[in-house]
Amino acid sequence: MSKNPSLRQPTGPLSLGNVVSAGLRIYRAHFKSYFGLSIKALLWALIPIYGWAKIYQIHAIISRHVYKELVNQPEPISTTRRYIAQRFWSFWAAQILIGSMSFGIYFIASLLLRVLVVIPPIFMVGISNVDTALSPINLMIDLGVWLVAILIYVWLYSHFFISELPLAIEHNMNSTNSIGRSWELTKAFLLRIQVIIIVASLITLPIVLLTLAPVFFIMPLFSTSSSPDVVLASLFLMGLLGMILAIVGTTLMMPFWQAIKAVIYYDIRTRQEGLGLRIRDLGLH
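Below is the structure:
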């Protein structure tokens with residue numbers, strides 16, 4: 001059991017604000033461990049395929065560790081790592097499946113939208129006047145496609161936001177089962193998840209703005225100097241600082257988002273299953 005009273009298991013479903021604050025509180029309590037894992041994930045990103053799979057494994061390690069804190073079953077990082085290692089490639093496969101599904105749904109929806117918007121005017125004004133008919137609605141088509149794309153992205157992102165959690169925590173799970181489980185858990189809480197993501201994004205906003213600082217400080221050099229050397233040096237400096245700050249920001253934010261996922265997963269299961277979630281986690285279902 002966790003010795004830190006601030007990390008004791010919540011007594012029931014959490015409010016929107018408590019979901020975010022719980023994730024932040026646990027992240028702060030384990031900052032050294034989680035930040036170290038995040039640095040390792042950053043280094044693994046340099047190695048194709050296997051390294052990328054290691055990143056998803058590290059994501060799962062952090063989320064499972066946070067969840068275990070929430071249910072008052074804390075376990076050492078080493079124990080969590082051994083458990084997750086047994087499903088190493090499943091986490092990578094799940095992300096490949098999600099990416100493929102998302103692309104397919106987005107492509108088909110965008111294609112259907114364009115067909116539905118373009119074909120009716122052709123029949124209404126005739127083939128000879130196609131250009132005249134389409135020109136007034138070209139902007140509408142583009143705006144409509146962008147709007148649908150955003151809605152589809154938000155819808156899919158909300159469904160798949162906790163896709164690795166069932167695989168990391170529940171028994172008898174593989175990549176496809178974990179995706180299906182995530183879809184089933186989130187379908188009644190999409191709006192809630194979106195609001196939590198917005199609130200959590202506001203917390204990380206200062207870090208995001210910090211990564212943009214080089215643009216605001218170095219861009220004025222372009223307007224005050226006509227020397228090509230100064231412009232090139234400014235571009236290089238801006239790119240270098242921006243990259244460094246982006247890496248630091250990503251390394252800081254990744255554990256926070258994995259903690260948020262774990263708290264959302266805990267909250268949804270508490271609302272849907274109550275005390276039954278303990279039985280399911282122990283593999284007694």
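Quick note: the sequence shown uses the UniProt record's numbering, first residue 1, plus one each step. Built from N, CA and C at the ideal position, the CB exists for glycine as well.
With respect to the 8 Å criterion, Ile39 and Thr251 are classified as neighbours on the basis of their beta carbons. Per DSSP, reduced to three states, the secondary structure at Val66 is helical.
Taking the Cβ atoms as the reference, Lys261 lies roughly 6 Å from Phe161, within the contact range of under 8 Å. Asn177 carries a helical assignment under DSSP once its states are collapsed to helix, strand and coil.
In the three-state scheme derived from DSSP, where H, G and I count as helix and E and B as strand, Arg87 is classed as coil. Contact annotation: the region 197 to 215 touches the region 18 to 29, with at least three C-beta pairs closer than 8 Å.
Straight-line spacing of the CA atoms in Met253 and Ile207 works out to 8 Å.
Per DSSP, reduced to three states, the secondary structure at Val248 is helical. A buried status is given to Ala94, since no fewer than 16 other beta-carbon atoms sit within 10 Å of its beta-carbon. In terms of Cβ geometry, Ile62 and Pro255 form a close pair [threshold 8 Å].
In this chain, the alpha helix (DSSP H) harbouring Ile26 covers Leu16 to Ala29.
Setting aside the 5 residues that flank it on each side, Ser158 is surrounded in the same chain by Thr186, Leu190, Ile193 and Gln194, each with a C-beta closer than 7 Å to its C-beta; the list follows chain order.
Excluding the 5 residues flanking it on each side, Pro48 has no same chain C-beta neighbour closer than 7 Å.
Between Gln86 and Met173, the alpha-carbon positions lie close to 11 Å from each other.
Rounded to the nearest angstrom, the Cβ distance from Ile179 to Ile98 is 6 Å, consistent with a contact under 8 Å.
In this structure, DSSP gives Gly274 a state outside helix and strand, which the three-state scheme calls coil. Counting only the Cα atoms, Val263 lies some 8 Å from Leu70. Of all alpha-carbon atoms in Leu237, Ser110 and Val199, the one lying nearest the alpha-carbon of Phe217 is that of Leu237. The three-state secondary structure of Lys40, taken from DSSP, is helix. By the 16-neighbour rule on beta-carbons within 10 angstroms, Ala188 is exposed. Per DSSP, the unbroken alpha helix (DSSP H) holding Gln194 starts and ends at Leu190 to Thr211. When secondary structure is reduced to three states using DSSP, Ala45 falls in the coil class, being assigned neither helix nor strand. In this chain, the alpha helix (DSSP H) harbouring Ile169 covers Glu164 to Ile169. With contacts defined as CB atoms closer than 8 Å, Ile196 and Leu43 fail to qualify as a contacting pair.
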